[in-house]
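Quick note: the sequence shown, position 35, residue 34 per numbering that gives the first Met the number 0, numbers continuous. Glycine included, C-beta positions come from ideal geometry on N, C-alpha and C. Just so you know, these numbers come straight off a predicted model, no measurement behind them. Take a look at the structure set out below.
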Amino acid sequence: METKTGRQKLNRIKAVLAETGHTGKWLAEQLGKDPVTVSKWCTNTSQPDLYTLNRISEMLNVKVADLIY
């Protein structure tokens, strides 16, 4: 899948946040990250490392596989 800008969608963080009723701001606070960083993950501008992806899955109570395409 590709976004409007032609970047490939690699993660589903934004969708899973919406499905679980959480916001990017909440996730940033939980991870101790800048909200801009989380926003970049949500727009697939950049990607979290595998350790962080695992932490996100634990916080949202989903499988890591649910966070990626």
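At 4 residues or longer, and completely inside the segment 8 to 36: list those alpha helix (DSSP H) runs for me, N to C.
Counting whole runs of 4 or more residues, the segment 8 to 36 contains the alpha helix (DSSP H) stretches 12 to 19, 23 to 30.
Asn-53 classed as buried or exposed, judged by whether at least 16 other C-beta atoms fall within 10 angstroms:
Classification for Asn-53: exposed.
Can you find the residues in the same chain that come closer than 6 Å, C-beta to C-beta, to Glu-18, ignoring five residues on each side of it along the sequence?
Excluding sequence neighbours, Glu-18 sits near nothing in its chain.
Just reading off the alpha helix (DSSP H) that Ser-45 is part of, what are its end residues?
Element bounds for Ser-45: n/a, residue is neither H nor E.
Less than 8 Å separating the beta-carbons of Val-73 and Leu-49?
For the chain, the structure presents residues 0 to 68; residue 73 sits outside this window and is missing.
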